[in-house]
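The opening residue of the sequence shown carries number 1 in full-length UniProt numbering; numbering runs sequentially from there.
Note that CB positions come from ideal geometry on N, CA and C, so glycine has one too.
Small disclaimer: the values here were computed from a predicted structure and weren't measured.
Right, one structure below, let's go through it.
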Amino acid sequence: MENEIEIIEKNKTWELVDKPTDKLVIGVKWTYKTKLNLDGTVQKDKARLVAKGYSQKPGIDFSETFAPVARLDTIRTLVALPAQKGWKLFQLDVKSAFLNEVLHEEVYVDQAPSFMIKNKEDRVYRLKKALYGLKQAPRAWYEEINSYFIKASFQRSPSKATLYVKAAESSIIIVSLYVDDIIYTGSSKALMMEFKTEMMMQYEMTDLGLLHHFFGLGVTQTESYIFLHQKKYAKTLLDKFGFKDCKAVASPLAMNEKLSKENGSEQADEGVYRQIVGSLLYLTETRLDIMVAASLLARFMHGPTRKHMGTAKRVLRYIQGTFDYGIAYEKGKEARLIGYCDSHWSGSEDDMRSTSGYAFNLGSDIGEEQVGATTILCDNTSAIVITKNHVHHHKTRHINRRFHFIRDALQNGEIDLLYCKIEEQTADIFIKALERDWFEYLRRKLGVISAKHLEGSVEI
């Protein structure tokens with residue numbers, strides 16, 4: 001608590017003034033948190049002074065509140081590139097990040113509990129900079145850090161607002177921001193050291209060294225792989241729903257698993273079902289092997305039955321046997337963008353709609369220029385012929401012309417649509433339940449493996 005107050009004072013976050021009679025004074029409170037390492041050991045204890053922002057009124061106490069944050073697909077891409085290039089990922093943590101940004105509004109807060117100034121207890125603080133908890137704090141911090149990166153000659157990605165790139169001669173550094181966590185990588189150790197030094201001079205920072213944990217994901221960096229996983233979350237998930245010691249199964253869905261809204265079974269607990277499905281959907285960020293199962297279960301969030309619940313529990317039993325699985329990005333692979341696409345025609349039992357799946361192994365705004373067309377592999381020869389045949393005939397007259405944009409991309413050399421055997425169709429794992437051997441083969445092809453199979457692996 002004393003450290004937090006010291007940082008607030010050092011940053012000149014506020015000034016003590018007489019209590020205004022015509023302005024809202026926002027209350028504050030202390031929050032406490034113990035940050036843990038992935039192995040459960042204590043990393044550090046934190047105390048934070050938080051404003052009770054829920055009492056703020058829009059248009060009076062704040063205006064803009066939106067601030068972009070890194071998406072998980074951006075993080076996966078940022079992991080894939082260093083793996084291919086043989087780079088390392090590093091992390092910085094901004095101490096009390098929201099205390100760095102200047103406020104444009106007139107905001108007053110009470111004095112902090114346990115730190116009231118003697119004989120001045122009736123006074124309040126006028127904020128010059130933001131506190132955690134204020135509605136406008138995330139927006140103000142993003143504007144501050146974005147302004148700094150632009151001044152430091154970084155280029156912001158046109159498609160990812162929290163991704164920044166800086167090139168110097170033949171070197172490059174790439175930075176991604178998630179609130180007060182910063183991860184960075186690059187081709188030049190000197191450029192990265194310069195970046196870290198300047199950041200630590202500009203802000204109160206903690207150098208966390210090699211990236212191990214970010215955005216709820218665990219990261220293991222070896223000489224051969226960068227391994228992205230959610231082992232800790234998977235264990236917490238199993239414990240939460242009572243599956244900690246359950247018997248494992250080999251696949252998330254039974255072969256040719258089909259579910260429908262009306263299946264004759266009794267209604268299940270909707271609240272518990274939604275919690276399970278929501279948790280599974282978050283787990284798909286590193287567990288692509290449960291994507292089709294989680295997506296299938298998500299169709300029945302309203303009025304789930306015991307059969308739906310039974311399928312959801314089977315997925316949990318599958319996780320029990322694979323909780324240490326994640327995505328392994330192998331170092332030294334060629335930097336080419338290759339896509340797989342597949343569809344399960346009329347797979348839905350309720351409305352006969354189709355399920356489409358696709359997988360791409362690389363794509364970004366981080367300085368990688370691809371020469372030549374992107375290869376897309378499809379196991380449907382008719383679809384390939386239609387895209388390459390300029391003649392419309394009676395079999396394709398029902399297809400609206402706006403769906404033929406892929407033909408233009410093919411003619412412009414942006415993509416190259418090729419046939420692949422169904423046995424090699426990686427996207428097949430995203431559209432339906434598969435038999436065990438095929439499922440495990442495609443799972444490995446996606447790079448989803450156990451941490452135990454990593455060359456030179458360490459305990460996670």
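For Leu-283, the enclosing alpha helix (DSSP H) has its first and last residue at 270 to 283.
Between Val-28 and Leu-49, the C-beta gap is smaller than 7 Å, which places the two residues in contact.
In the three-state DSSP reduction, Arg-71 falls in the coil class, being neither helix nor strand. Residues Thr-74 of the same chain have their beta carbon placed closer than 6 Å to that of Lys-160, with the five preceding and five following residues left out of the count. Distances from the CA of Leu-296 to each of Ala-433, Leu-99, Lys-189, Pro-158 were compared; the closest alpha carbon is that of Ala-433.
When Cβ pairs closer than 8 Å are counted between the two stretches, the segment 148 to 159 is seen not to touch the segment 118 to 128, the count staying below three. The C-beta distance from Gly-218 to Gln-230 rounds to 7 Å, short enough to fall under 8 Å. It is roughly 28 Å from the alpha-carbon of Ser-356 to the alpha-carbon of Gly-321.
Per DSSP, reduced to three states, the secondary structure at Arg-317 is helical. Ile-384 has its alpha-carbon roughly 10 Å from the corresponding atom of Arg-407. With a minimum length of 3 residues, the unbroken runs of beta strand (DSSP E) contained wholly in the segment 150 to 224 fall at 163 to 168, 171 to 178, 181 to 186, 205 to 210, 217 to 221. Taking C-alpha positions only, Arg-443 is separated from Ile-449 by approximately 7 Å. The Cβ atoms of Tyr-225 and Glu-330 lie closer than 7 Å to each other.
With 16 or more other CB atoms across the displayed protein chains lying within 10 angstroms of its CB, Gly-447 is buried.
Counting only runs of 3+ residues, the beta strand (DSSP E) found wholly inside the segment 81 to 136 occupies 90 to 94, 124 to 127, in chain order. Pairing Leu-24 with Glu-285 gives a Cβ-Cβ distance that is not under 7 Å.
Under the three-state reduction of DSSP, Phe-360 is assigned to strand. About 6 Å separates the beta carbon of Leu-210 from that of Lys-88, a gap short enough to meet the 8 Å contact definition.
When secondary structure is reduced to three states using DSSP, Leu-24 falls in the coil class, being assigned neither helix nor strand.
According to the DSSP assignment, Asp-45 belongs to the beta strand (DSSP E) that extends over 42 to 51. Annotated three-state conformation of Glu-144 is helix, per DSSP.
A residue is called buried once 16 or more other Cβ atoms fall within 10 Å of its Cβ, and Lys-166 is buried on that count. In this structure, Thr-222 keeps its C-beta atom at 7 Å or more from the C-beta atom of Ser-265.
The DSSP-derived three-state label of Glu-440 is helix. Per the Cβ contact rule, the segment 372 to 381 is in contact with the segment 410 to 427 (3 or more Cβ pairs under 8 Å).
If the five residues before and after Lys-421 are omitted, its C-beta is found closer than 7 Å to the C-beta atoms of Asp-379, all from its own chain and listed in chain order. Taking C-alpha positions only, Lys-452 is separated from Lys-44 by approximately 29 Å.
By the Cβ-count criterion, Leu-127 is buried, with 16 or more other Cβ atoms from all chains shown falling within 10 Å of its own Cβ.
The shortest CA-to-CA distance from Tyr-340 to any of Ile-431, Ile-183, Thr-185 is the one to Ile-431. Excluding sequence positions up to five before and after Met-199, its CB lies within less than 7 Å of the CB of Leu-92, Met-205, all in the same chain and listed in chain order.
In this structure Gly-303 touches Gln-267 by the C-beta definition: roughly 7 Å separates them, less than 8 Å.
Annotation for Thr-236: the continuous alpha helix (DSSP H) segment containing it runs 231 to 240.
Close CB contacts of Lys-46 within its chain, under the 8 Å cut and outside five residues either way in sequence, are with Tyr-32, Lys-33, Thr-34, Lys-35 (chain order). The bridge partners DSSP lists for Leu-417 are Ile-376. Gly-53 sits away from Leu-103, with the two beta carbons spaced by 7 Å or more. By the 16-neighbour rule on beta-carbons within 10 angstroms, Ile-173 is buried.
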